[in-house]
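Undergrad: Below you'll find the structure I mean.
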Amino acid sequence: MSQESQKPLPDALSRGASLKQLSLINLWRSYCRHHVSSAHDSLRRLLVQPLSSLMTCLVIAIALALPQVLSVAVSNIDQLGQGWQGRPSLSVYLHQQVKEPVAQRLLSEIEKRELIIEGRFISPEQALEEFEEHSGFADVLGKLERNPLPPLLQLSLAEEASLEQVQALQADLQARGEVDQVDVDLQWLQRLQQILALGKTLIWILAGLLALGVLLIVGNTIRLAIAARKEEILVTKTLGGTNAFVRRPFLYTGFWYGLLGGLLALLLTEMCLFALSGPVAKLAGSYGSSFRLIGLNWFDAGFLFLVSSVLGWLGAALAVGRHLAAIEPK
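The following block contains the structure:
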């Protein structure tokens with residue numbers, strides 16, 4: 001052996017292979033790259049099986065679209081009720097002994113209030129003539145010894161007048177000495193608001209039950225995916241893959257299911273509104289109204305996507321947390 005071959009090896013070579021210390025920046029970049037890779041791979045797996053993925057997304061979409069359609073229906077009914085409330089009127093019946101000059105002064109005083117748009121005084125004689133004209137009982141009414149109708153003030157209120165303001169005005173006028181009775185047709189509106197409040201509560205209950213159904217649908221789908229990839233998971237864990245590393249692709253799968261289900265739910269909702277818009281417009285036109293259905297705005301659509309994505313991710317997280325721990329290399 002020559003002297004050159006007997007020279008000691010350099011210090012770096014004598015130590016053999018060494019571990020390279022990764023900086024925090026490199027760790028963060030690797031973490032982000034795996035997120036991007038997991039998201040891309042999970043989406044690719046869904047697109048490889050389009051039929052089964054579409055069926056799962058459609059089930060999620062129907063579960064999400066049902067409360068959304070009901071919510072839009074309640075919102076439109078509420079909007080329609082506000083439109084009918086837009087120009088309420090009060091009928092102020094005065095006592096029989098109140099003369100026209102006193103009624104006119106009272107009307108002038110009432111018209112100064114902010115809620116009053118215009119007022120009209122109807123004398124007993126005018127009221128009787130109008131009643132005879134529209135009722136068709138002119139012969140019978142002509143045989144009456146005296147006019148039974150009282151003086152009347154017809155008040156038109158502002159469109160922005162709320163139910164509470166109208167009720168307060170009604171109570172204030174009722175306390176006047178010249179006033180016998182104040183009528184305002186708000187009972188139907190009060191009942192409508194109570195029905196709408198009940199409908200909103202039922203929608204929240206239904207939405208909660210269907211959200212639970214979405215969790216179960218996504219969870220069962222992820223469970224089947226975990227069972228189909230059991231060998232792959234075992235190999236990954238054997239090579240040192242952590243539970244978080246293995247869990248990440250399945251979480252993105254649930255996210256994609258939820259997001260695509262939300263997109264289909266939005267399309268189903270818009271299709272329902274489009275199908276109903278024509279008949280509703282014709283019905284409103286027959287009543288002389290220009291009412292049109294109000295669809296989802298950008299905020300509602302974004303909220304739908306957010307909820308669907310979170311439900312998909314949460315359903316996947318519950319399934320992965322339960323079934324992934326049972327797969328460990330021996």
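Just so we're aligned: the sequence shown equals residues 1 to 330 in UniProt numbering. Every residue gets a Cβ at the ideal spot worked out from N, C-alpha and C, and that includes glycine. The structure displayed is predicted, hence computed values, not measured ones.
Would you identify the three-state DSSP class for Ser18, choosing helix, strand or coil?
TA: For Ser18, the predicted model reports a pLDDT of 45, less than 50, meaning its position is unreliable and no value from the coordinates is stated.
Undergrad: Quick check: what's the CA-CA separation for Val48 versus Arg292?
TA: 42 Å
Undergrad: Considering only residues of the same chain and omitting the five flanking positions on each side of Gln104, which have a CB-CB separation below 7 Å?
TA: So the qualifying residues of the chain are Phe121.
Undergrad: Judging by CA-CA distance, which residue of Glu114, Ile222, Arg322, Leu268 is the nearest neighbour of Val69?
TA: Leu268
Undergrad: Helix, strand or coil: how does DSSP classify residue 371 here?
TA: Since the first and last residues shown for the chain are 1 and 330, residue 371 lies out of range.
Undergrad: Once the 5 residues before and after Pro329 are set aside, which same chain residues still bring their CB inside 8 Å of it?
TA: Leu234, Lys237, Thr238
Undergrad: Here's the rule I'm using: 16 or more other beta-carbon atoms within 10 Å means buried, otherwise exposed. How should residue 394 be labelled?
TA: Because residue 394 is not part of the residues shown, which for the chain are 1 to 330, the question remains open.
Undergrad: By how many angstroms is the C-alpha of Leu66 removed from the C-alpha of Lys200?
TA: 13 Å
Undergrad: Cys57 and Gly302: beta carbons closer than 9 Å?
TA: With contacts defined as CB atoms closer than 9 Å, Cys57 and Gly302 fail to qualify as a contacting pair.
Undergrad: Over what stretch of residues does the alpha helix (DSSP H) that includes Leu173 continue unbroken?
TA: Where Leu173 is concerned, the enclosing alpha helix (DSSP H) stretches over 163 to 174.
Undergrad: Return the CA-CA distance between Ser209 and Ala63, expressed in angstroms with no decimal places.
TA: Per the sequence shown, the amino acid found at residue 209 is Leu instead of Ser. Whole-angstrom Cα-Cα distance: 9 Å.
Undergrad: Is the segment 97 to 115 close to the segment 189 to 198, with three or more CB pairs under 8 Å?
TA: no
Undergrad: Could you have a look at Leu115 and say whether DSSP puts it in helix, strand or coil?
TA: Coil.
Undergrad: Residues in its own chain within less than 8 Å of Ile327 by CB, not counting five upstream and five downstream?
TA: Ile226, Lys230, Ile233, Leu234, Lys237
Undergrad: Could you tell me which residues DSSP pairs with Tyr93 in its beta bridges?
TA: Per DSSP, Leu152, Gln181.
Undergrad: Of the residues Asn26, Thr253, Gly241, Ala244, which one's Cα is nearest the Cα of Trp313?
TA: Taking each of Asn26, Thr253, Gly241, Ala244 in turn and checking the Cα distance to Trp313, the smallest one comes out for Thr253.
Undergrad: For Leu273, which residues in the same chain have their Cβ closer than 6 Å to its Cβ, ignoring the five residues on either side in sequence?
TA: If we look at Leu273 and ignore the five residues flanking it on each side, its Cβ neighbours are Leu293, Gly295.
Undergrad: Considering just the uninterrupted stretch of the alpha helix (DSSP H) at Ile233, what are its terminal residues?
TA: 230 to 238
Undergrad: Using a Cβ-Cβ cut-off of 7 Å (strictly less than) and excluding sequence neighbours within five positions of Ile77, which residues of its own chain qualify?
TA: Leu196
Undergrad: Under the three-state reduction of DSSP, which class applies to Ile122: helix, strand or coil?
TA: strand
Undergrad: In whole angstroms, give me the CA-to-CA distance for Ile60 and Thr221.
TA: 12 Å
Undergrad: Considering only their Cβ atoms, is the gap separating Trp256 from Ser42 smaller than 9 Å?
TA: Pairing Ser42 with Trp256 gives a Cβ-Cβ distance under 9 Å.
Undergrad: Alpha carbon to alpha carbon, what distance is there between Val72 and Arg223?
TA: Distance between the alpha carbons of Arg223 and Val72 is about 34 Å.
Undergrad: Using DSSP bridges, identify the partner residues of Leu157.
TA: Ile116
Undergrad: If I'm right that Pro151 touches Ser123 with Cβ under 8 Å, what's the distance once you round it to whole angstroms?
TA: 6 Å
Undergrad: Thinking just about the alpha-carbon of each residue, which of Leu202, Leu115, Arg44, Leu198 is nearest to the one in Ser162?
TA: Leu115
Undergrad: Starting from Thr253, follow the alpha helix (DSSP H) in both directions and report where the run begins and ends.
TA: 243 to 286
Undergrad: Of the choices Ser52, Ser89, Val307, whose alpha-carbon is the least far from that of Leu215?
TA: Val307
Undergrad: Quick check: Val182 and Tyr93, are their CB atoms within less than 9 Å of each other?
TA: yes
Undergrad: Could you tell me which of Ala317, Leu153, Arg322, Ala168 sits nearest to Glu178, measuring between CA atoms?
TA: Leu153
Undergrad: According to the Cβ coordinates, are Ala319 and Val218 closer than 9 Å?
TA: yes
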